[in-house]
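What follows is one structure encoded as structure tokens, with my remarks underneath.
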Amino acid sequence: LVALISTLENSQMKKTLIAMAAVAVAGVASAQVSVTGKVGAGYASTTTNGATPAAEVTTKGMLMTNSDITFSASEDLGAGMSVKATVGIDGVNANNTITGNNGSLTLAGDFGTLAFTAGEESCNGVVGSAAGVDLEDIGINLACAASTSDSLAYTLPAIGALSVKVMTLEGAAGAGNNSAPSTNYVYLTYAAGPLTAAVNFTNIYEKSTRTRTNIKYDLGMAKLGFGYSTGGVAAGSTNNQTVFGAQFPMGAMTVSVGTATVSTGAATKKSATGVGVDYSMSKRTGIEARYTTGNSSATNGRDVSIKLVTTF
């Protein structure tokens with residue numbers, strides 16, 4: 005033991021140990037790995053009305069929902085560059101089929117950000133402008149026809165409050181999609197103080213063009229959102245979507261309201277309205293309650309749910 009202590013007291017040994025510790029710390033700092041996810045459980049009731057009251061169908065009961073896991077890894081490459089990778093899985097519940105979630109590989113630096121993504125196309129905030137109330141799944145075709153595809157996006161370095169991104173999206177996932185049409189996007193986003201405004205121009209090869217825009221403003225006592233989308237996926241088609249939403253924070257509770265309409269040129273417009281209440285029990289856990297109702301031509305739908313959701 006005396007001999008060991010004497011060895012450790014040797015100045016050269018001290019320098020070696022300090023150097024080894026510095027290398028270890030540097031390695032940990034430059035490569036970061038995290039696992040995040042979300043799990044929810046509660047009660048839900050979905051009602052679909054037909055053309056007559058006798059055609060009404062209600063499905064209700066307990067459910068596990070929102071269960072997903074995302075693995076993320078990032079590394080500092082030096083010279084102002086970094087790389088980040090994410091992969092995820094959905095359906096992490098008993099007796100469910102587990103499926104792959106969005107995956108991405110991003111390289112960032114002074115030149116901007118280059119991101120390769122395998123997953124669903126984003127609606128660019130048009131549906132999200134409903135300020136926390138999920139109106140996308142009410143059955144009025146408010147969704148933007150997202151498809152599982154491969155995309156490559158480049159975001160320029162910020163120009164003051166303006167952000168510019170261009171993206172190309174293949175028609176299907178995987179290699180060798182020469183016969184699948186591509187979709188090209190230009191995103192412009194302006195964020196300054198309480199105001200965020202964005203516009204997205206979309207060109208679907210040999211099919212159509214589409215424009216989406218959204219505006220969000222934080223009043224402090226309320227957050228307001230507006231979204232509008234025009235254009236379709238088939239040449240000459242009409243698909244105009246309008247979304248209004250508002251959030252009202254009240255301490256640990258937030259009340260959200262949203263309304264949306266979809267016009268496809270038919271005589272009857274599709275519409276949806278929703279109310280949501282979120283109660284935060286901690287930074288990671290809360291209670292979510294939702295009520296949404298909508299109509300799509302001859303059919304109507306109502307969704308009611310209350311869930312306990314926790315993240316990690």
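Sequential numbering of the sequence shown, starting at 5, is according to this note's numbering.
Where is the CB? At the ideal position from N, CA and C, for every residue including glycine.
As the structure is a prediction and not an experimental result, all values here were calculated from the model.
In the DSSP assignment, the beta strand (DSSP E) including residue i goes from what residue to what residue?
i: residue 244; result: 244-254
i: residue 105; result: Unbroken run through residue 105: none, as it is neither H nor E.
i: residue 223; result: Element bounds for residue 223: n/a, residue is neither H nor E.
Ordered along the chain, which non-local residues of its own chain (more than five positions away) have a Cβ less than 7 angstroms from that of residue i?
i: residue 221; result: 198, 199 and 228
i: residue 63; result: 50
i: residue 119; result: 108, 110 and 157
Please return the same chain residues whose Cβ sits closer than 6 angstroms to the Cβ of residue i, not counting the five positions on each side in sequence.
i: residue 196; result: 165
i: residue 311; result: 44, 46 and 292
i: residue 114; result: 84
i: residue 267; result: 244 and 273
i: residue 76; result: 38 and 90
i: residue 307; result: 50 and 296
i: residue 167; result: 193
Would you tell me roughly how many angstroms separate the C-alpha atoms of residue i and residue j, rounded to the nearest one?
i: residue 295; j: residue 249; result: 14 angstroms
i: residue 109; j: residue 122; result: 9 angstroms
i: residue 234; j: residue 188; result: 16 angstroms
i: residue 93; j: residue 38; result: 14 angstroms
i: residue 288; j: residue 66; result: 22 angstroms
i: residue 153; j: residue 208; result: 14 angstroms
i: residue 71; j: residue 315; result: 9 angstroms
i: residue 40; j: residue 91; result: 11 angstroms
i: residue 214; j: residue 263; result: 21 angstroms
i: residue 163; j: residue 61; result: 53 angstroms
i: residue 173; j: residue 190; result: 12 angstroms
i: residue 257; j: residue 281; result: 7 angstroms
i: residue 127; j: residue 269; result: Legend: pLDDT at residue 127 = 49, less than 50; position of this residue unreliable, no value from coordinates given.
i: residue 102; j: residue 42; result: 15 angstroms
Confirm, please, whether the CB-CB distance from residue j to residue i is below 8 angstroms.
i: residue 278; j: residue 284; result: no
i: residue 275; j: residue 305; result: no
i: residue 105; j: residue 69; result: no
8 angstroms is my cut-off, CB to CB: does residue i come that close to chain B?
i: residue 279; result: Among the chains of the structure shown, chain B does not appear; only one protein chain is present.
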